[in-house]
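Chains as they are written, first to last, in this note's numbering: chain A, 2 to 557; chain B, 335 to 438. Glycine included, each C-beta is placed from N, C-alpha and C at the ideal position. In this text the structure is predicted, and so the values were computed from the model without any measurement. Structure, as structure tokens:
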Ligand code: SF4
Ligand code: SF4
């Protein structure tokens with residue numbers, strides 16, 4: 002492998018929503034040298050590749066940031082970092098207006114006011130949200146973007162994160178990034194559990210399947226503290242295509258009904274997890290399939306729905322057309338997805354402080370990879386990107402000393418390069434895909450996947466953990482024919498590491514805090530003892546669990 | 335399944351390969367694009383939006399209830415025209431405009 006060393010003041014790992022916005026913030030406000038490293042192309046990478054058609058976090062007239070904090074806290078049964086959420090909420094409107102000024106289309110009324118969907122959502126055309134962000138990143142003179150480079154591990158010396166290692170997916174070059182501060186913004190993790198369309202279309206999922214938990218995994222392996230992984234996110238989605246349902250449910254006010262046409266949502270409660278749990282329960286009781294009641298909408302509404310989905314999940318529009326079962330005549334069937342771990346929707350992720358500093362010196366986190374602040378969504382990720390950028394600036398004031406320049410690879414870098422080289426060309430018995438299928442089966446059957454209607458037991462978790470531990474050993478003997486397979490190998494490693502930590506979190510919460518998201522069959526009720534955060538640290542030998550007291554808004 | 339690339343139309347420009355968020359598209363010995371990891375496509379349509387010759391179509395696989403229709407994209411200035419075909423016949427055409435917001 003050829004090798005290259007890239008030096009900068011700030012390294013941003015991941016050019017999604019949070020990473021791009023942090024790069025724009027640092028680009029416009031400073032002349033620091035910034036490097037953004039991205040696995041794909043920042044114009045279409047990450048969750049928002051296909052677009053998005055609502056901003057789900059915005060403070061409308063008559064409401065205050067604290068209202069949103071209270072709402073998110075209630076929806077998460079109290080397990081949130083109110084301090085982190087409040088910081089985000091105070092910036093939601095400013096980042097929204099800023100994004101509009103950069104070219105995002107937001108629906109307005111005749112007086113030029115935003116049209117909201119409920120009290121906290123705005124309607125947009127976000128098909129081009131990633132190209133807009135990417136263009137703004139590229140016009141920053143002090144920001145360099147390295148695309149098609151897969152980062153696998155953090156660089157750290159004497160307890161300080163000082164960069165990262167990766168390889169070029171097209172060119173096969175070994176990259177050593179050196180920086181004074183690192184922002185991790187790689188997104189969350191999908192693909193640990195057996196998905197809805199497992200045979201030929203495993204990636205027809207809602208969350209981005211290319212978000213493999215790389216950011217979690219490299220932090221876990223370096224000893225960073227993680228929080229609330231057990232609050233998994235399971236989405237209620239359109240059958241088969243796994244397209245979002247909010248546009249139908251909130252947009253046209255369609256109710257959830259069972260096969261007998263009964264509205265069941267009130268029976269189970271209206272939090273995000275209860276809506277899912279209600280659907281699961283109706284199916285278990287033999288009253289499924291369940292639907293969103295769209296029958297009877299007029300053709301103009303139907304046409305608008307087609308367009309709305311084209312700007313976000315085009316497969317759903319194709320399904321309506323191809324099946325000739327249009328939503329004005331047929332209700333839209335819904336189902337739960339496989340579980341994901343993602344801090345943009347739930348509290349899972351790095352344990353951070355208000356500067357967005359992780360427990361590893363020099364490492365900051367923002368967006369889906371950062372924990373404690375559920376329901377941050379797109380605008381929350383933008384806000385957190387900005388907060389982290391400001392946090393990094395303050396950090397660099399005290400820790401900005403220049404590292405001795407050296408053109409030689411460090412010892413750690415040499416080891417990493419040798420690791421890649423050993424895998425490349427390795428002839429093993431199994432491929433990454435085969436082991437991935439095994440992992441997904443284990444997680445599905447023993448760690449609360451679709452198969453068991455999301456319930457898990459301690460006995461099952463034990464089987465899952467033993468299986469994942471075996472895979473973590475077998476992973477090292479995989480067949481790797483080319484660079485694309487090397488990428489697959491590290492994606493598998495990331496998912497295995499996330500799965501292992503997730504199992505520990507699920508076991509530690511001996512209650513059921515959120516139906517379906519964390520449905521512990523051994524402990525079916527909520528228990529006040531668990532009004533705390535469940536955190537974890539990987540020590541090299543195992544996963545050490547710890548609990549932390551809840552932080553309320555306004556407390557330090 | 336997700337997208338299908340028509341190699342007769344492909345001119346080998348490499349745009350789809352660069353844009354794919356999953357690094358799934360590669361070129362063969364003749365320089366034509368192909369989906370190297372068919373199972374891994376997310377149907378995000380980023381590749382279709384980049385292709386200058388409309389060589390890439392979106393299809394719904396039979397596993398998800400697909401019955402053979404496909405979407406092809408053409409760009410009209412900033413607007414995107416989505417044409418749905420069954421066999422060779424156009425069954426639907428929808429134009430989306432980036433300046434027109436979702437109404438829901
Ligand atoms: S649709 Fe998206 S994921 Fe599939 S090949 Fe095209 S760019 Fe890649
Ligand atoms: S973008 Fe179109 S023409 Fe260019 S390589 Fe891909 S399929 Fe071929």
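Inset, instruction - Give the range of the beta strand (DSSP E) segment to which residue 536/A is assigned. - result: 533 to 539
Legend entry - Touch test, the region 350 to 359 of chain B against the region 368 to 378 of chain B, Cβ-Cβ under 8 Å, three pairs minimum: Judged by Cβ distances under 8 Å, the region 350 to 359 of chain B makes contact with the region 368 to 378 of chain B, as three or more pairs qualify.
Legend entry - Limits of the unbroken alpha helix (DSSP H) element including residue 70/A: Residue 70/A -> alpha helix (DSSP H) spans 66 to 76.
Inset, instruction - Using only the heavy atoms of ligand 2, determine whether one of them is closer than 7 Å to the beta carbon of residue 454/A. - result: no
Legend entry - Proximity to residue 262/A [Cα-Cα], best of 284/A, 291/A and 44/A: 291/A
Legend entry - residue 209/A: contacting residues in chain B (beta-carbon distance under 8 Å): 355 and 376
Legend entry - Neighbourhood of ligand 1 [Cβ distance below 5 Å to any heavy atom], ordered by chain position: 336/B, 337/B, 354/B, 356/B, 358/B, 375/B, 376/B, 378/B, 380/B and 381/B
Inset, instruction - Could you give the DSSP three-state label for residue 414/B: helix, strand or coil? - result: strand
Inset, instruction - Measure from the alpha carbon of residue 147/A to the alpha carbon of each residue in 156/A, 44/A and 61/A, then state which is nearest. - result: Selected option, being the one with the closest Cα: 44/A.
Legend entry - Interface residues of the region 365 to 394 of chain B facing chain A [CB-CB below 7 Å]: Residues passing the 7 Å Cβ filter: 370, 373, 374, 375, 376, 377, 378, 379, 380, 392 and 394.
Legend entry - Cβ pair residue 242/A, residue 316/A closer than 8 Å: Taking C-beta atoms as the reference points, residue 242/A and residue 316/A count as a pair closer than 8 Å.
Inset, instruction - Would you be able to state if there are at least three C-beta pairs under 8 Å between the region 46 to 53 of chain A and the region 149 to 168 of chain A? - result: no
Legend entry - residue 349/B: CB within 7 Å of a non-hydrogen atom of ligand 2: yes
Inset, instruction - Would you tell me roughly how many angstroms separate the C-alpha atoms of residue 464/A and residue 516/A, rounded to the nearest one? - result: 22 Å
Legend entry - Any C-beta of chain B under 8 Å from that of residue 51/A: yes
Legend entry - Interface residues of the region 411 to 430 of chain B facing chain A [CB-CB below 7 Å]: Along the region 411 to 430 of chain B, the positions whose C-beta sits under 7 Å from a C-beta of chain A are 416, 418, 425, 426, 428 and 430, read in chain order.
Legend entry - CA nearest to the CA of residue 46/A, picked from 73/A, 27/A, 32/A and 18/A: 18/A
Legend entry - Which residues DSSP lists as bridging residue 154/A, in chain order: 166/A
Legend entry - Residues in the region 124 to 136 of chain A having any Cβ partner in chain B nearer than 7 Å: 124, 125, 126, 128 and 129
Inset, instruction - Would you decide whether residue 385/B is buried or exposed? Buried here means 16 or more other CB atoms lie within 10 Å of its CB. - result: buried
Legend entry - Near ligand 2: residue 345/B beta-carbon under 7 Å from a heavy atom: yes
Inset, instruction - Note the first and the last residue of the continuous beta strand (DSSP E) segment covering residue 336/A. - result: 333 to 337
Inset, instruction - Could you tell me if the beta carbon of residue 223/A falls within a distance shorter than 7 Å of some heavy atom in ligand 2? - result: no
Inset, instruction - Give a yes or no on whether the C-beta atoms belonging to residue 185/A and residue 220/A are separated by under 8 Å. - result: yes
Legend entry - Three-way DSSP call (helix, strand, coil) for residue 404/B in this model: strand
Inset, instruction - Indicate whether at least one CB of chain A lies closer than 8 Å to the CB of residue 363/B. - result: no
Inset, instruction - Name the two residues that bound the continuous alpha helix (DSSP H) containing residue 194/A. - result: Unbroken run through residue 194/A: none, as it is neither H nor E.
Inset, instruction - Examine ligand 2 and report whether any of its heavy atoms sits within less than 7 Å of the Cβ of residue 390/B. - result: yes
Inset, instruction - Pull up the distance between the alpha-carbon of residue 435/B and that of residue 107/A, whole angstroms please. - result: Per the coordinates, the alpha-carbon of residue 435/B lies some 6 Å from the alpha-carbon of residue 107/A.
Legend entry - Check whether residue 417/A and residue 154/A have beta carbons under 8 Å apart: yes
Inset, instruction - Below 8 Å CB to CB, which residues in the same chain sit around residue 422/A once its five sequence neighbours on both sides are set aside? - result: 2
Legend entry - is_contact[residue 62/A, chain B] using C-beta, thresh 8 Å: no
Legend entry - Under 7 Å by beta carbon: chain B residues contacting residue 307/A: 428
Legend entry - Backbone secondary structure at residue 458/A - three-state DSSP: coil
Inset, instruction - Check the Cβ-Cβ distances between residue 409/B and every residue of chain A, and say whether any is below 8 Å. - result: no
Legend entry - Pairwise C-alpha distance: residue 402/B and residue 415/B: CA-to-CA, the gap between residue 415/B and residue 402/B works out to about 20 Å.
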